[in-house]
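Right, one structure below, let's go through it.
Residue numbers (this note's numbering): 173 to 556.
This is the structure:
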């Protein structure tokens, strides 16, 4: 059993009690032993670095608490049991573990330099609609991480899965119109989207950052109101704002489950840093869906799989083929397609010459058979 210490005796001479401000004022050289437990029931002003230490700090009470000061607060273990929540005016770093029991950690969405930060070997648990980070969650060198961001009484978490690699990252949820967000100086026009989309949500969005390639899992709930955009749950997708194209583009979908009221999507591998914002969108719904095999392309000059041949397009000479990379960038576009694609781009902000060709990887295509009023889409793997 851990020993419980009074914080006044533990830090005698280095913490002052500011009765006028009703705050705990840390002015230096705080060290916590491995078996120390400290209960904080008031505001904390952190005006000095915290010495490397261990122990547990709990934020308790029934009134809003505020963490401010000149230095971020670095803790080994911490827990929150205060339904009124904890407001961060400085960042809170967790080295080992954090337990959400009751109440939110709140960070200012107008200053994304302040966040709840989880270090490489840390973990968190217990996040719910009533206890989470109402603002920005950041993490360091994780292969898998659940970022429990959200807003009042709504957990809107983002799951990161980097596979065998690790990455830093962050996620912030906004219950705001992406076109005119109140918390940011820039907007993401929901009326500007790729031709493969029918609509983009105007009710919510996320800022999601990570330099590594990850599969992202995000969920929608009744407040997402996706039933107002589509009657087909299979048309729901995650979309990202492409800054260079100034439009929303669809992300590849690995898994989708749920109803129009509640569900989740796991994307295919994407690099979050390539998108300024994420939200939900609706894919074009074809008049008739054709089930086609995925394609394999190996343009090496042996006359086997050197070009993308989609036999169904022969049924409609008046057709259109568009190919996107996994980041949602358009790399090929052609009307009246007759097997021209050989692994080289003919459009897009990043143009690869015929001497280089597109890089190896997974691409997806959208084909429109205008004569037959049919649309379909699928994937192809480009082998180099």
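Where a beta carbon is used, it is the ideal one built from N, C-alpha and C, also for glycine.
So who's on the other strand from residue i, going by DSSP bridges?
i: residue 297; result: 271
i: residue 412; result: 421, 450
i: residue 314; result: 339
i: residue 249; result: 228, 269
i: residue 438; result: 389, 427
i: residue 149; result: Summary: the structure shown does not reach residue 149, with the chain confined to residues 173 through 556, and so no result is reported for it.
i: residue 377; result: 346
i: residue 305; result: 277, 321
i: residue 326; result: 323
i: residue 443; result: For residue 443, which the question treats as bridged, DSSP gives no partner whatsoever.
i: residue 455; result: 369
What's the call for residue i, buried or exposed, on a 16-neighbour Cβ count within 10 Å?
i: residue 437; result: buried
i: residue 376; result: buried
i: residue 360; result: buried
i: residue 290; result: buried
i: residue 300; result: exposed
i: residue 547; result: buried
i: residue 277; result: buried
i: residue 328; result: buried
i: residue 293; result: exposed
i: residue 350; result: buried
i: residue 235; result: exposed
i: residue 249; result: buried
i: residue 574; result: With the chain covering 173 to 556 only, the question about residue 574 has no answer from this structure.
i: residue 270; result: buried
i: residue 323; result: buried
i: residue 528; result: exposed
i: residue 310; result: buried
I'd like to know whether the C-beta atoms of residue i and residue j end up nearer to each other than 8 Å.
i: residue 169; j: residue 330; result: The question about residue 169 has no answer here: the residues shown for the chain are numbered 173 through 556.
i: residue 445; j: residue 343; result: no
i: residue 203; j: residue 225; result: yes
i: residue 452; j: residue 373; result: yes
i: residue 252; j: residue 233; result: no
i: residue 302; j: residue 340; result: no
i: residue 348; j: residue 394; result: no
i: residue 262; j: residue 241; result: yes
i: residue 420; j: residue 365; result: yes
i: residue 535; j: residue 497; result: yes
i: residue 308; j: residue 279; result: yes
i: residue 201; j: residue 214; result: no
i: residue 513; j: residue 538; result: no
i: residue 487; j: residue 423; result: no
i: residue 469; j: residue 477; result: yes
i: residue 386; j: residue 441; result: yes
i: residue 258; j: residue 237; result: yes
i: residue 333; j: residue 305; result: no
i: residue 491; j: residue 508; result: yes
Which stretch, first to last residue, makes up the beta strand (DSSP E) that contains residue i?
i: residue 478; result: No beta strand (DSSP E) holds residue 478; DSSP gives it neither H nor E.
i: residue 540; result: 533-541
i: residue 513; result: Neither: residue 513 is in no beta strand (DSSP E) and is coded neither H nor E.
i: residue 357; result: Careful: residue 357 lies outside any beta strand (DSSP E) and carries neither H nor E.
i: residue 243; result: From DSSP, residue 243 is part of no beta strand (DSSP E); its letter is neither H nor E.
i: residue 290; result: 288-290
i: residue 467; result: 467-469
Return helix, strand or coil for residue i, following the three-state DSSP convention.
i: residue 238; result: strand
i: residue 553; result: strand
i: residue 395; result: helix
i: residue 215; result: strand
i: residue 371; result: strand
i: residue 487; result: helix
i: residue 382; result: strand
i: residue 407; result: helix
i: residue 263; result: coil
i: residue 351; result: coil
i: residue 400; result: helix
i: residue 505; result: strand
i: residue 498; result: coil
i: residue 546; result: strand
i: residue 493; result: strand
i: residue 258; result: strand
Could you tell me whether any Cβ in chain B is nearer than 8 Å to the Cβ of residue i?
i: residue 422; result: In the displayed structure, chain B is absent; only one protein chain is listed.
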